[in-house]
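Asker: Numbering (our numbering), first residue to last: 5 to 121.
Where is the CB? At the ideal position from N, CA and C, for every residue including glycine.
Values in this document were obtained by computation on a predicted structure and should not be read as measured data.
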Amino acid sequence: MNLLYLSNNEEERKRRNEFIYNISQNMPIYINCISSIIVNICRTFLFHKPLIPFKKVIYKSIICVIAMAIKLHKPHLIPSSEMLNIKKAEDYLIIENKIDQEELNELCVPFFQNNFY
């Protein structure tokens, strides 16, 4: 096997592990009910290029967008008793990040179209 391929694979694995770790560390408590689904979705991302060093707020926003994609396209994965908690993710994106509903729907589409979950 090609040594360059192995080192690229190793780099990609390190980047993936770092990203997953940061996602896990920044998971808002109100979406704990779907945290394992979110982490599994993040494992499908490609990491062949170096990651930009994100701030905590970026990880939280990524997590909340994934939570909204699940709510919009796969709501059966969320326990009905947790829907109000998932609404907090939507509120965070709309109120804190100033994302309107149409923009939020557009952000959620790639997760649905690419069958990340």
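(1) In this structure, how does DSSP classify Asp95 when only helix, strand and coil are distinguished?
(2) Which of the three DSSP states is assigned to Ile24 in this structure?
(3) Between the Cα of Asn13 and the Cα atoms of Cys112, Phe51, Ile38 and Leu55, which residue gives the shortest distance?
(4) When you compare the stretch 56 to 70 with the stretch 100 to 115, are there three or more beta-carbon pairs, one atom per stretch, that lie closer than 8 Å?
(5) To the nearest angstrom, report how far apart Glu110 and Tyr63 are at their CA atoms.
(6) Whose CA, out of Arg19, Ser39, Glu106 and Ala93, lies closest to the CA of Val61?
(7) In chain order, what are the residue ranges of uninterrupted alpha helix (DSSP H) at least 4 long that sit wholly in the stretch 22 to 109?
(8) Rounded to the nearest angstrom, how far is the Cβ of Arg47 from that of Arg20, given a contact under 8 Å?
Answerer: Based on what the coordinates show:
(1) Of the three classes helix, strand and coil, the one that applies to Asp95 here is helix, per DSSP.
(2) helix
(3) Phe51
(4) yes
(5) 18 Å
(6) Ala93
(7) The stretch 22 to 109 contains these whole alpha helix (DSSP H) runs: 39 to 46, 60 to 77 and 87 to 95.
(8) At roughly 7 Å, the Cβ-Cβ gap stays under 8 Å, so Arg47 and Arg20 are in contact.
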